[in-house]
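K.L.:
Be aware that the sequence shown starts at 16, since it is given in the numbering used here, and climbs by one per residue. No residue lacks a Cβ here, since even glycine has one placed at the ideal position from N, Cα and C.
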Amino acid sequence: MALVQGVGGAANTLFGWWRWAHDLLIVHRLDVLAGYEVFASIALAVLGVALLGTAGTLKKDRAS
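1) Is it true that the CB of A17 sits closer than 8 Å to the CB of G15?
2) Would a C-beta distance cut-off of 8 Å place L48 and A58 closer than the cut-off?
3) Near T28, what residues of its chain come up, given a Cβ to Cβ distance below 7 Å and the 5 sequence neighbours on each side ignored?
4) Would you kindly work out how many angstroms separate the C-alpha atoms of T72 and I41, rounded to a whole number?
Right, dumping it as structure tokens:
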């Protein structure tokens, strides 16, 4: 979910896509991130990739 929110937020902020989904993206709903939407979206996407990578590694370790 973090990866989807990050990529969606970055695409919406940079390109103006998905105007209907503006309020669904967490970076646009948090007032503390006003003006930093691009950076917050990229950080959220990186966090999502890291979490997915960690989950995949943990799953492999438990199987062996």
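P.N.:
Walking through what the data contain:
1) The chain is shown from 16 up to 79; residue 15 falls before or after that span and cannot be answered.
2) no
3) E52, V53, S56
4) 27 Å
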